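Notes follow once the structure below has been shown.
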Amino acid sequence: MSWMRKISLGVRMALILFVPSLAFVVVLGSLFVHQSHRELDEASLARGRAIVSFLGPAAEYVLVSGNPVALDSLMARALAQAEVAAVAFYDADGELLGVAGQGLVGLPSAARMVEADEVVVEARGGRLQFATAVLSLAPQVDDYSTPQQVLRTERLGWVQVDLDVTAREAAKRRLLLVVVAAVLVVLVGALAMAWRLARSVGLPVAALVKAVRRMASGDLDVRVSAQSTSEELRALEAGFNAMADSIAHSQQTLQARIEEATAQLAHQARHDPLTGLPNRRAFEESIEQAVSIHRRAGDVVTLLYIDLDRFKPVNDTCGHAAGDRLLRELAGLLRARLRAEDHVFRIGGDEFAVILRGCGREDAHHIATALCDAVAAYEFVCAGRSFKVGASIGMARMEGMINDVSAVMQAADQACYEAKHAGRGRVIEYQRSSD
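Per the working numbering, the sequence shown starts with residue 24, numbered consecutively.
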């Protein structure tokens with residue numbers, strides 16, 4: 024250390040002040056870069072998992088029905104999401120059913136072994152690949168004497184989503200350049216202040232180091248008080264606060280975007296993309312909740328199963344687009360004629376379900392009859408032709424032996440079946456004597 028004896032005390036103090044400043048800025052910049060890169064990676068993984076997890080259940084009806092229009096619509100909605108480069112659907116034999124986007128790398132081999140809600144993630148060819156199985160969970164309600172509902176699980180195929188990570192990597196490089204430039208600017212300022220304020224820099228630096236440690240532990244609200252006697256150190260403290268504000272703002276912005284995307288995907292996972300009504304998954308959750316409240320508080324629950332009559336001629340005559348428009352209009356019609364506390368769901372192709380809460384038998388009959396009459400009175404016009412559809416409605420109430428989800432769903436389904444075979448366009452309430 025003989026070279027230390029040859030330099031002045033001012034230089035020594037400047038070095039003593041500059042080295043901690045260098046370490047502080049480099050550590051802070053490295054933490055920011057590392058944290059931001061990790062959040063970008065996690066955001067891509069979360070986005071890919073959320074998209075493919077939404078597409079898996081949503082594709083069940085599409086793969087069963089073989090509707091190419093619905094398949095194209097589903098792929099277009101997925102392709103519109105950020106970073107999505109390609110979307111593909113495969114049948115149970117691994118044959119490609121449809122693809123949207125460019126540069127599809129191919130179904131990951133591990134995807135063929137996937138079961139239940141598992142998502143396979145692979146990085147290949149500059150892309151992140153996400154794949155999951157499309158499963159059919161069909162309730163067996165033909166045997167009404169069976170006390171518990173039986174589920175059949177069948178793999179219908181696979182869905183694959185490729186995310187293009189080139190934009191993310193470019194953002195990482197830009198972020199690194201900005202941080203390096205910011206570090207250099209801060210270091211130059213720190214060195215200048217070290218030369219002038221060698222004796223008064225100790226406490227402010229200690230405060231800054233403490234703040235860095237708190238930030239490294241995850242406290243993004245940490246700030247330092249600009250109370251130094253020199254203008255230069257106050258500028259350094261203000262610079263730290265500005266950088267901390269920038270990091271906190273970036274974190275909040277990124278988190279808000281993730282939450283917004285997650286909320287949007289969660290909404291899409293529980294709603295029918297055609298009509299905007301809650302879908303079968305939301306229906307099953309709602310009926311479970313309604314039954315639980317009924318058991319706990321004695322709340323009266325009435326379930327309506329609605330099966331449209333004469334819907335097929337519209338599809339056969341005017342095409343699926345007209346049928347989709349009819350479903351949207353009827354969904355709005357049903358929703359407009361229910362109370363605020365009631366809920367309507369689309370649970371199948373031309374099938375709907377309504378949950379009535381706190382509704383007496385007479386009022387429930389009145390609501391069901393009003394829905395039946397409204398559908399019967401509705402006139403659908405397409406290509407210069409007028410069509411009349413109807414609704415067969417089965418009604419079941421939670422009372423007596425009908426005290427669980429399986430029982431009330433079977434009862435409503437049987438009542439709907441009887442309404443269908445009794446001449447259609449009517450409301451029939453489930454009666455236990457009809458078993």
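Beta carbons are placed, not taken as given, at the ideal position from N, Cα and C, and that holds for glycine.
Given the structure is predicted, the values throughout are model-derived calculations rather than measurements.
- Listed as beta-bridge partners of residue 157 by DSSP are 180.
- In the structure shown, residue 421 adopts coil according to DSSP, grouped into three states.
- For residue 126, no pairing in a beta bridge is given by DSSP.
- By alpha-carbon distance to residue 382, the top candidate from 374, 391, 335 and 376 is 391.
- Boundaries of the beta strand (DSSP E) harbouring residue 368: 366-369, taken from the DSSP string.
- Residue 231 counts as buried, since at least 16 other C-beta atoms from the protein chains shown sit within 10 angstroms of its C-beta.
- Rounded to whole angstroms, the Cβ separation of residue 180 and residue 157 is 5 Å, and the two are in contact under 8 Å.
- Buried is the label assigned to residue 419, since at least 16 other Cβ atoms lie within 10 Å of its Cβ.
- If you compare the alpha carbons of 329, 131 and 421 with that of residue 319, the shortest gap goes to 421.
- In the DSSP annotation of this structure, the continuous segment of the alpha helix (DSSP H) that includes residue 341 starts and ends at 335-341.
- Taking a contact as a CB-CB distance under 8 Å, the pair residue 182 and residue 155 counts as one, their CB atoms being some 6 Å apart.
- The shortest CA-to-CA distance from residue 299 to any of 256, 339 and 348 is the one to 348.
- By the CB criterion at 9 Å, residue 417 and residue 402 fall outside the cutoff.
- Considering only 387, 147, 430 and 453, the residue with the shortest C-alpha distance to residue 310 is 430.
- In this structure, residue 326 keeps its C-beta atom at 9 Å or more from the C-beta atom of residue 397.
- Taking the C-beta atoms as reference points, residue 322 is found no nearer than 9 Å to residue 237.
- The continuous alpha helix (DSSP H) containing residue 309 extends over residues 303-320.
- Taking 9 Å as the cut-off, the beta carbon of residue 303 is found no closer than this to the beta carbon of residue 292.
- Its Cα nearest to that of residue 399, the residue 413 stands out among 413, 388 and 235.
- Shown here, residue 141 sits in coil according to DSSP, grouped into three states, outside any helix or strand.
- Between the alpha carbons of residue 124 and residue 69 lies a distance of about 20 Å.
- Under the DSSP assignment, residue 408 falls in the beta strand (DSSP E) whose first and last residues are 408-411.
- With fewer than 16 other CB atoms across the displayed protein chains lying within 10 angstroms of its CB, residue 197 is exposed.
- Collapsing the DSSP output to three states places residue 89 in coil.
- Nearest to residue 117 by alpha-carbon distance, out of 129, 42 and 107, is 129.
- Rounded to the nearest angstrom, the gap between the Cα atoms of residue 266 and residue 312 is 48 Å.
- Its chain contains 302 and 369 as the residues whose beta carbon lies nearer than 6 Å to that of residue 295, once the 5 sequence neighbours on both sides are disregarded; these appear in chain order.
- For the set 438, 331 and 426, the Cα lying nearest the Cα of residue 353 is the one of 331.
- By the neighbour-count criterion, in which a residue is buried when 16 or more other Cβ atoms sit within 10 angstroms of its Cβ, residue 260 is buried.
- Taking each of 101, 451, 371 and 246 in turn and checking the Cα distance to residue 287, the smallest one comes out for 101.
- The stretch 70-79 makes contact with the stretch 145-153; the number of CB pairs closer than 8 Å reaches 3 or more.
- Under DSSP, residue 374 forms a beta bridge with 330.
- In the three-state scheme derived from DSSP, where H, G and I count as helix and E and B as strand, residue 113 is classed as strand.
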